[in-house]
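Residue numbers (the working numbering), protein chains in the order written: chain P, 1 to 362; chain E, 1 to 362.
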């Protein structure tokens, strides 16, 4: 429901927020009762998971405090839980989650999966902020800023372990996939570290980074409900759908930075922070002059606002905006193609709506 | 065999090295052919595991390089693989690992478990060095010193994931225990961070830290072969045996720092680095004067060598040496009690021999 908007303001007003960026505080979206109920159940279970009950010594309290601070921040929009919910609804025959035999058990399983997704996602944010030396996250001081790098690293580790432990009751297939997700996210964070301030990043590397940043966990939100529903034949397809949505999401975010559509955030932040976002990667590969310009800019100690603005204008004139729009279109089309006939079902409609809403950026 | 020595030089000349401390380079111990063969097989498999074949992009190469640097360092003595080997031999009826049906499969499983132990252990060293800002490890530059904190954090994460993935073929019981080990190690690292330079650490907290540092993974080396052998009734007992050995190992290390028995390492390093090792924890809890002394010492910016020496002498006069010896004796006795009748078997004899060798420090 809340995603079914096609104008450019959809993302800003929706609960979807790009991984790793401060969330716009817009009007609260209205949810159908059951979706809101699901998210509330996820948040209750998240709080329980973070209490780390049996380890309630000083270390347990500290870990709990730091991880609750970030995980239960008001600005967390639960994009991954909602996506899981939509996929599960699209997969269910009739309304699996409100009645019928086994409905309660399936609801509980879905809540668990959503909690796992949030734990893994939040752990990656915690580690990411250490790598970036970020001081703000979800409108609050980052965990590393408040408790130091040690606790941010160990807190992330603890959350990953907790997330994986929650998969134990569901069997080795689910565990195996969860480990694969974490491994790939770690791997792509290394690529991101290696790419910082680099002007020779290929589109392939950009994609590998985007895969780990949002793609694989969004994909997991598609494949996991399919596996749980015993529909392993379409798990790969829905994974692909989620994955393309995740990458599209990154691209929309890169576009917003280029157009300044993100209210409350400075334009051209990627240039300022020497982040090889898609438009920059495309432009540097398309033109040796642009690459030379950024080589010089990113090699300098300080980057003035005048330099940022003029490099940004050069970027816009290079055709990077149009190229990013084309890449975004491709991801949206691929996501919709993978979604196929599910797009017409409850749940599937919301997923399609989300994909369509990203078209607002084209 | 190599552990079956009862004098104080046993540890120095043996392959056992305290987790997290530079290893003494003594005479190479002689191993029975099969133990050496096992360790060689473990190292081959470790190298394979670290190659991260399918992810052979720049990030994969970097992760592989950094993790191989530390994991396959010459100074790594494979304490945990050897312990696993001893426990497995003690458990086997006849010589399970050289002939008989299924022997090859059991050997391969044991190699896998040993690799898992080394991956988890090495990952914890990598993260530990980030927390301690250590520059040396196993006689080489630490991973954080060579490649930076980011790669040390992510490299540790990648190795943990890889280690857990290697448990997948063995079923959920093994996976579950592996996750528990990683979770407890993380938890106790938090306690260690919290305890640094603190003068109010309780003996209970010291034990919780030692559990995570060596106890739980040493314990795992006892319980895992028992589980694999289908002898779950004694898994808990052998876990306890390994666990006490691990804690005894820490205590022997603390004693060496107090007596200066560790050639090539400065005496009283724990005082210098504000580490609440067992003798210090005991002394500070036994005497308010000693606590006040260390409060003053550890609150100061710089600690002079004269201050270290005089605080060390005060510690020795406080009875901390004898108290640590008593704690060590208790751990050794508990380990031997848990080992029970296995102490007379091949493999069990080596474990008992290791425990006895630690008596050299009494």
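By construction, the Cβ of each residue, glycine as well, lies at the ideal position given by its N, Cα and C atoms.
How would you call residue i, buried or exposed, if buried means at least 16 neighbouring beta carbons within 10 angstroms?
i	result
residue 44 (chain E)	exposed
residue 104 (chain E)	exposed
residue 254 (chain P)	buried
residue 81 (chain E)	buried
residue 306 (chain P)	exposed
residue 27 (chain P)	Residue placement at residue 27 (chain P) is flagged as unreliable, the pLDDT there being 32, under the threshold of 50; the coordinate-derived value follows with that caveat. Exposed, because fewer than 16 other Cβ atoms sit within 10 Å of the Cβ of residue 27 (chain P).
residue 266 (chain E)	exposed
residue 257 (chain E)	buried
residue 202 (chain P)	exposed
residue 279 (chain P)	buried
residue 136 (chain P)	exposed
residue 75 (chain E)	exposed
residue 118 (chain E)	buried
residue 348 (chain P)	buried
residue 273 (chain E)	exposed
residue 358 (chain P)	buried
residue 318 (chain P)	buried
residue 102 (chain P)	exposed
residue 324 (chain P)	buried
Assuming residue i contacts residue j under a Cβ cut-off of 8 Å, what Cβ separation, rounded to an integer in Å, is found between them?
i	j	result
residue 248 (chain P)	residue 332 (chain P)	5 Å
residue 184 (chain P)	residue 209 (chain P)	11 Å between Cβ atoms; not a contact.
residue 111 (chain E)	residue 129 (chain E)	Not really, about 27 Å apart at Cβ, beyond 8 Å.
residue 115 (chain E)	residue 78 (chain E)	No, residue 115 (chain E) and residue 78 (chain E) are not in contact; Cβ-Cβ is about 10 Å, not under 8 Å.
residue 197 (chain E)	residue 298 (chain E)	5 Å
residue 242 (chain P)	residue 222 (chain P)	4 Å
residue 70 (chain P)	residue 122 (chain P)	6 Å
residue 295 (chain E)	residue 199 (chain E)	5 Å
residue 293 (chain E)	residue 314 (chain E)	6 Å
residue 284 (chain P)	residue 275 (chain P)	With a Cβ gap of about 13 Å, residue 284 (chain P) and residue 275 (chain P) do not count as contacting.
With DSSP as the reference, identify every bridge partner of residue i, one or two as the case may be.
i	result
residue 136 (chain P)	P:141
Measuring CB to CB, does residue i end up less than 7 Å from residue j?
i	j	result
residue 34 (chain P)	residue 51 (chain P)	no
residue 73 (chain P)	residue 125 (chain P)	no
residue 176 (chain E)	residue 168 (chain P)	yes
residue 157 (chain E)	residue 214 (chain P)	no
residue 225 (chain E)	residue 354 (chain E)	no
residue 339 (chain P)	residue 161 (chain E)	no
residue 181 (chain P)	residue 220 (chain P)	yes
residue 191 (chain E)	residue 59 (chain P)	yes
residue 327 (chain P)	residue 251 (chain P)	yes
residue 311 (chain P)	residue 351 (chain P)	no
residue 163 (chain P)	residue 120 (chain P)	yes
residue 286 (chain E)	residue 91 (chain E)	no
residue 155 (chain P)	residue 300 (chain P)	no
residue 239 (chain E)	residue 335 (chain E)	no
Is residue i helix, strand or coil by DSSP?
i	result
residue 244 (chain P)	helix
residue 57 (chain E)	coil
residue 197 (chain E)	coil
residue 72 (chain P)	coil
residue 176 (chain E)	helix
residue 356 (chain P)	helix
residue 212 (chain E)	helix
residue 25 (chain E)	Reliability fails at residue 25 (chain E), whose pLDDT of 36 lies under 50, so the model's placement of it is uncertain and the value that follows must be treated cautiously. Correct three-state label for residue 25 (chain E): coil.
residue 102 (chain P)	coil
residue 256 (chain E)	helix
residue 334 (chain P)	helix
residue 186 (chain E)	helix
residue 287 (chain E)	coil
residue 229 (chain E)	coil
residue 126 (chain P)	helix
residue 301 (chain P)	coil
residue 261 (chain E)	coil
residue 345 (chain E)	coil
residue 218 (chain P)	helix
residue 272 (chain P)	helix
residue 167 (chain E)	coil
residue 3 (chain P)	Low confidence applies here, because residue 3 (chain P) scores a pLDDT of 29, under 50, leaving its location unreliable; read the following figure in that light. Note: residue 3 (chain P) maps to coil in three-state DSSP.
residue 37 (chain P)	helix
residue 374 (chain E)	There is no way to answer for residue 374 (chain E), as the model of chain E reaches only from 1 to 362.
residue 78 (chain P)	coil
residue 319 (chain P)	coil
residue 148 (chain P)	coil
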